[in-house]
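Before any comments, here is the structure.
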Amino acid sequence: MRKIFIPAIMILTVLVFMTGCKKWADDQADIYEFKPAPGQAVSDAAPLCGSIKGVMLSGKTYTIGCDVYVNGGDTLLIEPGVTINVTNNAGIAVRGILVSLGTKANPVTMTVPGLLKDNTPGLAYAADSAHSSNRLWKGIACDTSCPMLVLKWTHIEFAGSSYGKTFGPAVQQKSTTSFNLLFQNPNGAFIMEDSWIWGGTDDCIRVSNGRIHIFRNTFEKCGGTGGDIVNVKGGTTGTMAYNFFIGSAYNGQKASNKGQPIGAPQTNVVMYNSTFVNGGRGVVPGQRGSTTNFEEGARGAFYNNVAVNCRVGYRVVNNPAADTANLSYGNNYQYADSLVIANNFFTSGTVCTRPQPTDLPNPASYLPANFDYTNPKYDGTPVVQKLNPMFVNYPLPSPYSPWGLTSIGTYNFHIQPGSPLVGKGYTGVHPLVTVPLASVYGASEVTPPGVDLGCFQVNGSGNQH
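Taking our numbering, the leading residue of the sequence shown gets 46, the next gets one more, and so forth.
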């Protein structure tokens with residue numbers, strides 16, 4: 046696997062020039078210099094409540110019995126193989142630093158004891174424990190002072206309970222907020238690598254602002270009747286790549302500059318090589334997206350993505366408008382079992398997504414010569430069930446009702462060597478690196494754009510799940 050390693054001093058230099066604001070650059074430098082002191086072992090003898098810091102030791106099982114808080118200046122480090130059972134709808138509030146250091150062989154698991162995953166296709170929302178159980182936990186919520194949240198090889202399961210009247214205000218949120226993960230420090234870093242999220246009731250990940258690195262993760266059954274999977278707002282910069290999404294309520298990845306804090310940069314997010322399957326189960330065409338969405342002043346790029354049976358196609362919004370002058374995209378693929386889906390590759394509403402000659406299927410094969418991308422009208426019949434992506438064992442056309450399969454189960458979404466996705470990627474995309482690179486307090490690796498489309502590369506690189 047090719048790796049990009051960037052010396053910290055180079056990152057700092059780039060950040061200074063990017064922001065154009067000395068105070069902002071100085072604030073950003075703080076976490077690069079921070080070296081948390083080793084903590085004492087966290088006891089597993091009794092359920093945890095209140096303030097928490099130190100080290101959760103490898104292989105141990107801990108129980109959280111009520112809301113816990115990583116206070117400012119404190120660090121909670123979770124070693125490989127730890128299991129955290131969360132009871133009583135509790136949550137983890139982070140004002141200091143939380144680092145979960147799972148490995149491929151020994152991941153960390155945060156879950157609700159006794160709740161079981163259900164991969165049944167077509168499962169009703171009210172019957173699915175991923176969304177409707179009254180035992181869900183609150184997830185991890187970082188307040189506006191949290192300098193760093195790092196998740197590596199970590200399972201986060203059955204989160205999405207409402208924050209409530211105490212936990213919500215403690216992290217500057219309403220009591221009804223129910224994000225699985227929340228990050229909201231424009232000077233902080235949110236790093237998520239090689240991890241899994243199962244379930245939810247609203248946005249799975251909300252980044253109100255901050256520097257992000259979201260690579261090689263898997264998201265199943267995220268959102269409730271609505272909600273995006275990764276929803277970033279004003280003042281967010283960084284890269285999302287090689288993520289796998291299945292069964293999203295709304296978008297897989299959404300970028301907006303709404304709410305940009307004073308002194309923070311414009312939202313600028315680079316997205317590449319992600320795969321979206323059966324996305325947008327709660328979407329009404331013309332109102333929302335179901336794969337990738339740029340809107341309201343956000344800039345960046347999206348390339349090399351794969352969308353299979355998603356409710357609507359890749360979405361660039363023109364009201365409120367994305368920063369289209371500083372947004373580039375291409376080499377994106379779509380597949381449709383039905384005409385309803387094919388007719389929304391370029392969807393209606395306040396959109397301005399331009400067809401690109403590098404897209405698959407080739408837009409010239411089904412769009413009229415005078416195609417108006419701001420008011421898309423066309424007949425998608427020529428591309429229905431065309432260019433099968435050739436997943437290893439997921440059948441297409443799908444045997445399930447539209448958007449009926451919302452989890453992976455026993456299916457394998459890696460691509461076969463003869464897939465039309467092979468060799469169609471654009472490798473000239475430049476990842477936007479705004480977080481430190483480090484084995485513990487930073488990103489482990491920036492995987493460069495792939496030669497194949499989607500999150501799974503035929504050479505074994507990309508998403509490792």
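Note that the Cβ used here is the ideal one computed from N, Cα and C, for glycine as well.
Strand pairing of T156, partner residues [DSSP]:
N130
Do you know offhand how far Y378's Cα is from N225's?
29 angstroms
In whole angstroms, give me the CA-to-CA distance for G505 and F264.
20 angstroms
Counting C-beta neighbours from all protein chains within 10 Å, is the total for T281 16 or more, i.e. buried, or is it exposed?
buried
At which residues does the beta strand (DSSP E) containing F321 begin and terminate?
T320 to V322
Helix, strand or coil: how does DSSP classify F339 here?
strand
Alpha carbon to alpha carbon, what distance is there between G495 and A370?
25 angstroms
Rounded C-alpha distance that separates C146 from W243
Reading off the sequence shown, one finds Leu at residue 146, where the question assumed Cys. For L146 and W243, the distance between alpha carbons rounds to 19 angstroms.
Can you find at least 3 beta carbon pairs, one from the segment 474 to 490 and one from the segment 307 to 325, that sit closer than 8 angstroms?
yes
Under 8 angstroms by Cβ, that's how I've got Y380 and N350 pegged, so tell me the actual separation to the nearest angstrom.
Going by Cβ atoms, the distance from Y380 to N350 rounds to 12 angstroms, so no, they are not a contact pair.
Residues of its chain near T419, where Cβ-Cβ distance is below 8 angstroms and the 5 sequence neighbours each way are ignored:
N363, V396 and C397
Quick check on Q430: buried or exposed, where buried means 16 or more other Cβ atoms within 10 Å of its Cβ?
exposed
Whether V87 touches I109 by CB criterion (7 angstroms):
no
Restricting to Cα atoms, I'd like to know which of P493, N508 and V485 is closest to I236.
V485
From the DSSP output, in three-state form, read off I386 for me.
helix
Straight-line gap, D239 to E202 (C-alpha atoms, nearest Å):
15 angstroms
Considering only C-alpha positions, which residue in the set Y348, Q509, T222 and D424 is nearest to D247?
T222
For the beta strand (DSSP E) containing S174, name the first residue and the last one.
Note, S174: premise wrong, no beta strand (DSSP E); alpha helix (DSSP H) at S174 to S177.
Between which two residues does the alpha helix (DSSP H) holding F212 run?
G209 to A215
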